[in-house]
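S.K.: What follows is a structure written as structure tokens; I'll ask about it next.
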Amino acid sequence: MEQSSHCFEFEDEFISDLRCIPLCVRRKLDLIGLKLKLQHWQEFNHDDKRKIVYWSDSIGDLDALKSYLISKTSLSRIGQAKEILISKDEPWLLSGTVPDFIDVEASKYKFQISQRIWSKLSELERFALCKLARPGHEHRNLIKAFKEILINNAS
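Right, dumping it as structure tokens:
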């Protein structure tokens, strides 16, 4: 899986036309410390959205992505994308420990995530589970995400 551009099956309903920001892009935004609103995303044409989805997540490329998005949103009707703190020490960046809130949500839906499985997940897979399971999130695709990600990492 190429995590910089991978879109999950559970995202299919809104990924085909890229009307929502895919998790692979949201991960890149967290890594560059940029708050891109859905309205910004919806102002982009389809080619721009695809370009961002397939943008590499290497350090140099992420710096270029940040500059590109700041420039791209500079004339937005809702204002420029805002810089935020770059994600560091977030649970999805750490493969050593299953976050408690992930354990709680997994148990609610009869899933188990062992430390061994958590450590095998890609950063993007951990990001997806953390974003979808975080407290206060509607959890609409969480069961689908658990199924897809855990089945792919069962062995």
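So for the sequence shown, numbering that gives the first Met the number 0 puts the first residue at 0; every next one is plus one. Ideal Cβ positions, reconstructed from N, Cα and C, are used throughout, including at glycine.
#1: I need the straight-line Cα distance from Ser-118 to Asp-99, nearest angstrom please.
#2: Considering Ser-118, what are the terminal residues of the alpha helix (DSSP H) in which it resides?
#3: Could you check how far apart the C-beta atoms of Leu-120 and Ile-101 are, in whole angstroms? I think they sit under 8 Å.
#4: By DSSP's criteria, Glu-42 is part of a beta bridge. Which residues make up the other side?
#5: Taking the alpha carbon of Thr-72 as the point to measure from, which residue in Glu-42, Leu-92 and Trp-54 has its own alpha carbon closest?
#6: Please classify Asp-46 as buried or exposed, where buried requires at least 16 neighbouring CB atoms within 10 angstroms.
#7: Contact check, Ile-20 vs Leu-37 under 8 Å by CB: the rounded distance?
#8: Might you give, ordered along the chain, the residues of its own chain that have their beta carbon closer than 8 Å to the beta carbon of Asn-140, omitting 5 neighbours on each side?
#9: Between Ser-55 and the rest of its own chain, which residues show a CB-CB distance below 7 Å, the 5 nearest in sequence each way excluded?
#10: Nearest to Lys-160 by alpha carbon, out of Arg-125, Phe-110 and Leu-123?
M.R.: Quick answer:
#1: 15 Å
#2: 114-119
#3: Actually they are not in contact, since the Cβ atoms of Leu-120 and Ile-101 sit about 10 Å apart, beyond 8 Å.
#4: According to DSSP, which records beta bridges pairwise, Glu-42 is partnered with nothing at all.
#5: Glu-42
#6: exposed
#7: 6 Å
#8: Phe-9, Glu-10 and Leu-131
#9: Ser-3
#10: This structure does not reach residue 160, given that the chain is present from 0 up to 154, and the question cannot be answered.
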